[in-house]
Each structure stands twice: as C-alpha cells, then as structure tokens.
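Everything on this sheet refers to the single structure shown next.
Residue numbers (full-length UniProt numbering): 1 to 189.
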C-alpha cells in the first residue's frame, strides 16, 4: 500500500464508508484535531515520568483512535451494505470515561486543593500537558460544532471533555512530582 494515493490532490478526502468531502469539512477538522491531540499525548508519554502514567496515556491514545473513527464515520455510513455495523468492534464506553475519572480522583488525593489559577509552565513535561489540554478542548469544541449539523455520538464528546480535565490534573500532578514551580495567576488590580 502506497502512502500517497493522489486522490486528495484536489482538496477532498474520503470518510469511513467512502463519502468524499472537502478537506476543510467540519468532520475532517474534528477528527484531524483528535489526531493532533494524539500526537501531543505521544510527546507527553515520551517524557520521564512514572510508568503508570505512561500506561494510562497509551490507553488514552488507543481510545483517541476510536474517537477519530467515530468522528470520521458519517451517520449514513455507520451500517455497511451487508447490515453489519462499520465500527462494531470500536466504541467508547462508559468505563473508558470512568477510567479517566478514577485517575483524576487518585491524582487529586495526592495534591493540595486548588486555590488559584495557575499559569501553564514550570517544566517542559507540564507544558506539554497544558498544550495537549488546549488541543483537547479545541477537539471537543469542533466535535460539538459538528454535532450541530450532523449526529455525533455523545459519548465521544463526553470522553474529550473528561480527557481535558485529566490532562489538567496530570499537569498539576507532574508539577508536584517534578518539584516544578507552579506560578499563580494574579489578576491586576
């Protein structure tokens, strides 16, 4: 299989099921941003940190491929011609969201209560987490935007929402673990 197909040379691409759309279609923007997020999470995973976080990040990357597949499948192509579900072996389930919630809860137990806004930074790894969090929020906004025009599985949007929370808490936990300076945001008077 060649990497280049030349089928997109005129500014269109194929969704799951073969439907061709412009490369700036809301569905493409949505799953393209999820792909970008997945790359940022790979960058976080490549940093020095506890192996447990790396395992969770691999799980998240796997789930993001699923979110991307969900977003890349137009509703009219969810069922194949033979009646089989196109994504029958894929899907985000409630336990994927619960995993993120459990991880957030566990990290927060080891952190002091949040009493102020923090400025992103303090350590390269922490900064990568904040960048990924921002990209995650953008992916969520794009998925919500898409849902205004076409059906989008609510669980995919919910997963992105919870993932951005996870990335924020991971940034705080890594700041703590790495003894990084957490700079408070102080509003001007």
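Glycine included, each C-beta is placed from N, C-alpha and C at the ideal position.
- Span of the alpha helix (DSSP H), counted from its first residue to its last, around residue 236: In the structure as shown, the chain starts at 1 and stops at 189, and residue 236 therefore has no counterpart that could be examined.
- What number of angstroms, rounded off, separates the C-alpha of residue 42 from the C-alpha of residue 75? Here residue 42 is taken as the residue at index 42 of the chain shown, counted from 1. Here residue 75 is taken as the residue at index 75 of the chain shown, counted from 1. Computed Cα separation, rounded: 30 Å.
- Item | Beta-carbon proximity list for residue 107, same chain, < 6 Å, skipping 5 on both sides | Stepping through the chain shown from its first residue, residue 107 is reached at position 107. Once the five neighbours on either side are set aside, the close Cβ partners of residue 107 are 169, 173.
- Query: Taking one C-beta from the stretch 123–130 and one from the stretch 177–187 each time, how about it: are there three or more such pairs within less than 8 Å?
  - Reply: A contact between stretches requires three or more CB pairs, one per stretch, nearer than 8 Å, and the stretch 123–130 meets this requirement with the stretch 177–187.
- Message: Quick check: the Cα distance between residue 185 and residue 118, rounded to an integer number of angstroms?
- Response: Within the chain shown, the letter at position 185 stands for residue 185. Within the chain shown, the letter at position 118 stands for residue 118. In a straight line, the C-alpha of residue 185 is about 5 Å away from that of residue 118.
- Residues bridged to residue 126 [DSSP beta-bridge criterion]: Here residue 126 corresponds to residue number 126 of the chain shown, with the count starting at 1. Under DSSP, residue 126 takes part in no beta bridge, so it has no partner.
- Message: Quick check on DSSP: helix, strand or coil for residue 169?
- Response: The sequence position of residue 169 within the chain shown is 169, counting from 1. Here residue 169 sits in helix by DSSP.
- Using 8 Å as the Cβ pair cut-off and three pairs as the minimum, do the stretch 97–114 and the stretch 151–171 touch? Verdict: yes, contact present.
- Quick one: what's residue 184 bridged to in DSSP? Working through the chain shown from its first residue, we reach residue 184 at position 184. According to DSSP, residue 184 bridges with 118.
- Query: Would residue 111 be called buried (16 or more neighbouring beta carbons within 10 Å of its own) or exposed?
  - Reply: The count along the chain shown starts at 1 and reaches residue 111 at position 111. By the 10 Å Cβ count, residue 111 comes out exposed.
- C-beta contact flag for residue 146 and residue 155 at 8 Å: The count along the chain shown starts at 1 and reaches residue 146 at position 146. The count along the chain shown starts at 1 and reaches residue 155 at position 155. No, Cβ-Cβ distance for residue 146 and residue 155 is not below 8 Å.
- Item | Cβ-heavy atom distance, residue 6 to the ligand PLP, below 7 Å | Ligands in the displayed structure: none, and consequently the ligand PLP is not present.
- Item | In chain order, each alpha helix (DSSP H) run of at least 4 residues that lies wholly inside the stretch 34–83 | Here the runs fully enclosed are 51–71.
- Query: Can the beta-carbon of residue 13 be found less than 8 Å from the beta-carbon of residue 23?
  - Reply: The residue you call residue 13 lines up with position 13 of the chain shown. The residue you call residue 23 lines up with position 23 of the chain shown. With contacts defined by Cβ atoms closer than 8 Å, residue 13 and residue 23 form a contacting pair.
- Query: residue 3: buried (16+ other C-beta within 10 angstroms of its C-beta) or exposed?
  - Reply: Locating residue 3 in the chain shown gives position 3, counting from the first residue. Residue 3 is exposed by the Cβ-count criterion.
- Query: Do you know how far the Cα of residue 144 is from the Cα of residue 157?
  - Reply: Within the chain shown, the letter at position 157 stands for residue 157. Within the chain shown, the letter at position 144 stands for residue 144. Approximately 7 Å between the Cα atoms of the pair.
- Where residue 220 falls, given that 16 or more other Cβ within 10 Å makes a residue buried: With the chain represented from 1 up to 189, any question about residue 220 goes unanswered, as that position is not in the structure.
- Task: Inspect the CB distances between the stretch 49–58 and the stretch 131–145 and report whether three or more fall short of 8 Å.
- Result: Taking 8 Å as the limit for Cβ pairs, the verdict is that the stretch 131–145 does not touch the stretch 49–58.
- Task: Look up residue 159 in the DSSP assignment and say whether it is helix, strand or coil.
- Result: Translated into positions along the chain shown, residue 159 becomes position 159. Residue 159 carries a helical assignment under DSSP once its states are collapsed to helix, strand and coil.
- Under the three-state reduction of DSSP, which class applies to residue 148: helix, strand or coil? One-based indexing of the chain shown puts residue 148 at position 148. In the structure shown, residue 148 sits in coil (DSSP, three-state: anything other than H, G, I, E or B).
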